[in-house]
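Residue numbers (my numbering): 25 to 196.
Even for Gly, the Cβ is constructed at its ideal location relative to N, Cα and C.
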Amino acid sequence: HVGRHLWSFNSRRVFATNPVGRRPSGPSMICHYVTGFPTNDRRTANGVHKAVQGLAGGLHQLGMPTEILTDGGVRCSWITPEGVDVHAFRERGPVQGLMLPAEMQAHLEALPERALFVVHGQFSPRMTRVAAALRAMGRPYVVMPHTLYSDAVFAKNRIVKRVYWHLLEKPM
């Protein structure tokens, strides 16, 4: 009963409409970016994909507009069983991951001004380019690496990962 009461109190506070003349204080939607989100087959989903789908689905069920953006080989959109919109953007160019797909850039620009972006992943050039685009647009974002930046993570390919982290991921 206590949990239900706290949720009821906090949800009224979070989702309440603000009086005229007051600026809304929270995000109008939450947009998740994750590399390689499976387009149609859950068997190809890894732990990060499952976590993102669960988080987005839970937020959607609580009434928060939510969507998942991904990139890969095809351009398509669909709705997950939880009701979350997913948009996949096709990458182009000789080297995958270097440039943000033009359609994704346009989609990011068209999202509401108060959208909050959550960039999921670690050691991914695609993740850093999405964060750079959001930073250039002045849009708020949060990086969620899904693992700790510990010595164990840097054990394999230590020099390459340290250089990459200091140049690209640490500035995020």
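query	result
Go to V154, then tell me how far its alpha helix (DSSP H) extends in each direction, as first and last residue.	149 to 161
Taking the beta carbon of H170 as the centre, do at least 16 other beta carbons fall within 10 Å, making it buried, or is it exposed?	exposed
Output the distance between the C-alpha atoms of K185 and T152, rounded to the nearest integer angstrom.	14 Å
Assuming C55 contacts A139 under a Cβ cut-off of 8 Å, what Cβ separation, rounded to an integer in Å, is found between them?	5 Å
Helix, strand or coil for A176? Go by DSSP, reduced to three states.	coil
With distances taken from CA atoms, which of S52, P62, P51, L79 is nearest M168?	L79
Once the 5 residues before and after V166 are set aside, which same chain residues still bring their CB inside 6 Å of it?	V142
Which word fits E115, buried or exposed, when buried means at least 16 other C-beta atoms lie within 10 angstroms of its C-beta?	buried
Decide if I92 is buried, meaning its Cβ has at least 16 other Cβ atoms within 10 Å, or exposed.	buried
Nearest to R145 by CA position, among I183, S101, H131, K74, is which residue?	Per the sequence shown, residue 145 should be read as Gly rather than Arg. Closest option to G145, Cα to Cα, is K74.
Taking buried to mean at least 16 other C-beta atoms within 10 Å of its own C-beta, is A179 buried or exposed?	exposed
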